[in-house]
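In the working numbering, the protein residues as written are 29 to 290. By construction, the Cβ of each residue, glycine as well, lies at the ideal position given by its N, Cα and C atoms. Predicted model, so just to flag it, every value in this text is computed and none were measured. Take a look at the structure set out below.
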């Protein structure tokens, strides 16, 4: 039986899932991050499938989302997008350290995944942390600087009020560079990484991620099975059922769960 516990790790509300019989045992960990304007509960279907395969799964609320909402409107949230991404990368380390202290996870088997903003977080976390073993980026983008510049261009085209000066924009761009996996490709270190993207995605276009994938896969040499890109020609900004299942399968293959299901 899969159980779901509602917890707070430091300041971060999380849903915590695993097999009931193994809840207090050391298990491989997957942290799954939701998208912009979503919340942790919206990804329970991913978490359930992965917990069934023997993983401990944590679903955190991103700052200003879910239980951490502060009443911001869409127009107030969007200028804080990269603040939310970078804070979530920090939150991942807090969650990992807490579970390690409780002897609930194996430090050599930690996966991170997410949808949209959560996929973007996943890529930045791989640039930031060498303790992540496996990643899955669903509708994410490893090219932080290029995507931030694209966002700004789109806002200017719409001629909407954007309450950030050029100086502040440049400061944000500088802050993003260490987390931009496309600028720090050596940080990937041949770790297993799966991309899933819809070809018709208007929110996070797939091209940045695909170019990154094409650029790094040659470096995997004889380990090509550790990197893959699924491009769904019919999909927009929504992960297909196949994408959900392939996510769980990717972790089952590359994170080697302690509990193998018959």
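- If you keep only unbroken beta strand (DSSP E) runs of at least 3 residues inside the region 193-230, you get 221-226.
- Judged by DSSP in its simplified three-state form, residue 119 adopts helix.
- The three-state secondary structure of residue 161, taken from DSSP, is coil.
- Contact check for residue 129 and residue 207: beta-carbon distance about 25 Å, past the 8 Å limit, so the pair fails to qualify.
- By the Cβ-count criterion, residue 170 is buried, with 16 or more other Cβ atoms from all chains shown falling within 10 Å of its own Cβ.
- Rounded to the nearest whole angstrom, the C-alpha separation of residue 51 and residue 161 is 21 Å.
- The shortest C-alpha to C-alpha distance from residue 87 to any of 99, 244, 98, 73 is the one to 73.
- Runs of the beta strand (DSSP E) lying entirely within the region 44-117 and spanning at least 3 residues, in chain order: 55-61, 84-88.
- For the pair of segments examined, the region 214-232 was found to touch the region 270-284: the number of CB pairs separated by less than 8 Å reaches three.
- In the three-state scheme derived from DSSP, where H, G and I count as helix and E and B as strand, residue 232 is classed as coil.
- For the pair residue 103 and residue 183, the Cα-to-Cα distance works out to about 11 Å.
- Take residue 137, set aside five residues on each side of it, and the residues of its chain with a beta-carbon closer than 6 Å to its own are 56, 161, 283, in chain order.
- The C-alpha of residue 249 lies about 16 Å from the C-alpha of residue 215.
- Residue 43 places its beta carbon less than 9 Å from that of residue 69.
- The beta-carbon distance between residue 114 and residue 203, rounded to whole angstroms, is 7 Å. This is short enough to meet the 8 Å contact definition.
- Contact between the region 258-268 and the region 227-236 is present: 3 or more CB-CB pairs across the two stretches fall below 8 Å.
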